[in-house]
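Beneath this line is the structure, given in C-alpha cells, with notes to follow.
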Ligand code: AHG
Ligand code: MN
Ligand code: MN
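Numbering (the working numbering), first residue to last: 7 to 341.
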C-alpha cells in the first residue's frame, strides 16, 4: 500500500533527518564493488569528532588546556589536547576494519594497523588531529582535518598525489560543530545536533562563490612574501577587500568555502616551503575546494598534482574562489 502525498506531514523547523552515517552509506552504495569499509571509517571519524567536541566544550573546567611539555616531529610544542585528540583518533581508527595505515601530524612515522581482514577495501587515513591548537587557550576555533587513500598494499601507497584521495574532510569546532565531507561526489555539510548526538546534513553539493572580497593570510609575514603575493594583497586593499584570519586553517578555509575569497599561506623567510603540511592539511582542503568549484594551488601547480616526498612535507598554499586564485596566480607567473 502506498502512502498518499497528502498524508505526508511537513517537518517544521527541521530541514532534514539525513545523518552523516546514512548519507555516506547511500553514497557508498553508488560506488561499484564497495565493501562498506569507507562508511565504517567515516563513522569512526564522526565519533572522534563528537568526543573531541565534548572535551573542547569543557576545556576550561577539565584540566586539558596548555602545553604537555613535549614536541612533535616538526619541533612544535604539543598541547594536551593535541595529544588527547590524536590518541582518540588512533584508538578509534586503529580498531576499524579497512584501516591499513594511519598517519598523523603528531606521529613521526606511519602506523601500520593489523585489523581483522574482512576481505574489503583497505585504506590509509591521514589526519591533523587538532588544527589551530594555539587557539585553545583563548577559546578560539579549532578543527580536525582528514585525508583517505586506497592502500591495499599498506604504507607504500600513502605517498600518492592528492588527486588519488578517495575522501577528505574536516570538522570545525566553533559556535557549532560542523563536519564537511567529500568522497569525490561533491561537498556536503553536516551540523552536530548536540541534543540527538548525530551529525545532520544541512547542505548538499555546496558550490563556493566564483569570487569574493575577503583575503585570509597572516599579514604580519607580508614583507617576506614573494613579490606576486605582495602585489596581489596591495590590489585587494585598493579594491576594498576585508581581511579575516583566525589562525586555524579549518576556520579560515571554512569561511572561504562559504563566503568566497582566498586563503593563503605563502613561503616566508621563516618557512621557505610554507608552513602547512601537504598530506593532512593542504591535500584534503584542496580536494574539498576543487569539489566545491574553487581552485587550490602551491603557487606553481595544483596542490592535488604534487608528488609527495614524505609524510610531513610542507607546501605553500593558495586556495579559494577561482576568480581570486587565478588573479593571484597570474601575478605570481609574471613577477
Ligand atoms: P596546527 O595547530 O595543526 O599545527 O596548525 C596550525 C596552522 C594552521 O592551522 C594555521 O593556518 C597556521 O598554522 C597559522 O600559522 P601562523 O600562526 O604562522 O599564521
Ligand atoms: Mn594544522
Ligand atoms: Mn594540529
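The beta-carbon is built from N, C-alpha and C at its ideal position, and this holds for glycine as well.
Given the structure is predicted, the values throughout are model-derived calculations rather than measurements.
*Answer with buried or exposed for residue 340, where buried requires no fewer than 16 other C-beta atoms within 10 angstroms of its C-beta.*
As a working mapping, residue 340 is identified with position 334 in the chain shown. Per the 10 Å Cβ criterion, exposed.
*Let me know the secondary structure DSSP gives residue 132 once reduced to three states.*
Translated into the one-based positions of the chain shown, residue 132 becomes position 126. Here residue 132 sits in strand by DSSP.
*asked:* Can you tell me which residues fall inside 6 Å of ligand 2, judged by beta-carbon distance to its nearest heavy atom, and keep chain order?
replied: 134, 137, 255, 287
*Would you give the residue range spanned by the beta strand (DSSP E) that residue 194 belongs to?*
What you label residue 194 is simply residue 188 of the chain shown in a count that begins at 1. Per DSSP, residue 194 belongs to the beta strand (DSSP E) from 193-199.
_Short Cβ contact (8 Å threshold) for residue 269 with residue 222_ = By 1-based counting over the chain shown, the position of residue 269 is 263. By 1-based counting over the chain shown, the position of residue 222 is 216. Cβ atoms of residue 269 and residue 222: closer than 8 Å.
_DSSP state of residue 36 mapped onto helix, strand, coil_ = Position 30 of the chain shown, counted from the start, is the residue given in the question as residue 36. Of the three classes helix, strand and coil, the one that applies to residue 36 here is coil, per DSSP.
_Span separating the alpha-carbon of residue 118 from that of residue 108_ = Taking the first residue of the chain shown as position 1, residue 118 is located at position 112. Taking the first residue of the chain shown as position 1, residue 108 is located at position 102. So the two alpha carbons sit approximately 7 Å from each other.
_With DSSP as the reference, identify every bridge partner of residue 283, one or two as the case may be._
The sequence position of residue 283 within the chain shown is 277, counting from 1. DSSP, once it has assigned bridges, lists 320 as partnering residue 283.
*Excluding the 5 residues preceding and the 5 following residue 62 in the sequence, name in chain order all residues of the same chain whose CB lies nearer than 6 Å to its CB.*
Working through the chain shown from its first residue, we reach residue 62 at position 56. 179.
*What first and last residue would you give for the beta strand (DSSP E) that runs through residue 156?*
Here residue 156 refers to the residue found at position 150 when the chain shown is read from its first residue. 148-156 is the extent of the beta strand (DSSP E) around residue 156.
_For the alpha helix (DSSP H) containing residue 73, name the first residue and the last one._
Residue numbering aside, residue 73 sits at position 67 when the chain shown is read from its first letter. Where residue 73 is concerned, there is no enclosing alpha helix (DSSP H), although the beta strand (DSSP E) it sits in stretches over 73-77.
*Alpha carbon of residue 79 to alpha carbon of residue 111, nearest angstrom*: The residue given as residue 79 occupies position 73 in the chain shown. The residue given as residue 111 occupies position 105 in the chain shown. Roughly 8 Å between the two C-alpha positions.
_Selected residue, minimal CA-CA separation from residue 69, among 81, 77, 49, 90_ = Here residue 69 is taken as the residue at index 63 of the chain shown, counted from 1. The shortest Cα separation from residue 69 among 81, 77, 49, 90 belongs to 90.
*Apart from the five residues on each side of it in sequence, which residues of its chain come closer than 6 Å, Cβ to Cβ, to residue 230?*
Position 224 of the chain shown, counted from the start, is the residue given in the question as residue 230. Same-chain partners within the cutoff: 274, 275.
*Can you give the beta carbon distance from residue 217 to residue 330, rounded, assuming they're within the 8 Å contact cut?*
Residue 217 sits at position 211 when you count from the first residue of the chain shown. Residue 330 sits at position 324 when you count from the first residue of the chain shown. The pair is a contact, with the Cβ atoms about 6 Å apart (cut-off 8 Å).
*Do you know offhand how far residue 239's Cα is from residue 161's?*
The residue you call residue 239 lines up with position 233 of the chain shown. The residue you call residue 161 lines up with position 155 of the chain shown. Cα to Cα, the separation comes out at about 40 Å.
*Report, in whole angstroms, the separation of the C-beta atoms of residue 139 and residue 289, which I expect to be a contact under 8 Å.*
Within the chain shown, residue 139 is the residue found at index 133, counting from 1. Within the chain shown, residue 289 is the residue found at index 283, counting from 1. Residue 139 to residue 289, Cβ: 20 Å. No contact.
*Could you tell me which residues DSSP puts in a beta bridge with residue 301?*
Working through the chain shown from its first residue, we reach residue 301 at position 295. Residue 301 pairs with 326.
*Look up residue 137 in the DSSP assignment and give the residues it is bridged to.*
The count along the chain shown starts at 1 and reaches residue 137 at position 131. Answer is 149.
*Determine the extent of the beta strand (DSSP E) in which residue 214 is found, giving its start and end residues.*
Here residue 214 corresponds to residue number 208 of the chain shown, with the count starting at 1. Element bounds for residue 214: n/a, residue is neither H nor E.
*Look up residue 231 in the DSSP assignment and give the residues it is bridged to.*
For the purposes of this step, residue 231 is identified with residue 225 of the chain shown, where counting begins at 1. Its beta-bridge partners do not exist; DSSP assigns none.
*Nearest to residue 182 by alpha carbon, out of 332, 126, 191, 201?*
If you number the chain shown from 1, residue 182 lands on position 176. Out of 332, 126, 191, 201, 201 has the C-alpha closest to the C-alpha of residue 182.
_Close Cβ partners of residue 72 (< 8 Å) along its chain, the five nearest in sequence each way excluded_ = Start at 1 with the first residue of the chain shown, and residue 72 comes out as number 66. Within the same chain, residue 72 has close Cβ partners 85, 86, 143.
*Could you tell me which residues DSSP puts in a beta bridge with residue 107?*
Position 101 of the chain shown, counting from 1, holds the residue named residue 107. According to DSSP, which records beta bridges pairwise, residue 107 is partnered with 118, 130.
_Taking DSSP's pairing of strands, which residues face residue 175 in a bridge?_
Position 169 of the chain shown, counted from the first residue, corresponds to residue 175. DSSP output for residue 175 lists 152, 187 as bridge partner(s).
_residue 85 - DSSP class collapsed to helix/strand/coil_ = Locating residue 85 in the chain shown gives position 79, where the first residue counts as 1. Of the three classes helix, strand and coil, the one that applies to residue 85 here is strand, per DSSP.
*Beta-carbon separation of residue 249 and residue 127 under 8 Å?*
The residue given as residue 249 occupies position 243 in the chain shown. The residue given as residue 127 occupies position 121 in the chain shown. Result no, Cβ atoms of residue 249 and residue 127 do not sit closer than 8 Å.
*Ignore the nearest five residues each way along the sequence and tell me which others in residue 191's own chain have a CB closer than 7 Å to its CB.*
Numbered from 1 along the chain shown, position 185 holds the residue referred to as residue 191. 33.
*Quick one: which unbroken alpha helix (DSSP H) runs of 4-plus residues sit fully inside the region 237-278? Chain order, please.*
255-265
_Between the alpha carbons of residue 129 and residue 264, how many angstroms are there, rounded?_
In the chain shown, residue 129 corresponds to position 123, counting from 1. In the chain shown, residue 264 corresponds to position 258, counting from 1. Their Cα atoms are separated by approximately 30 Å.
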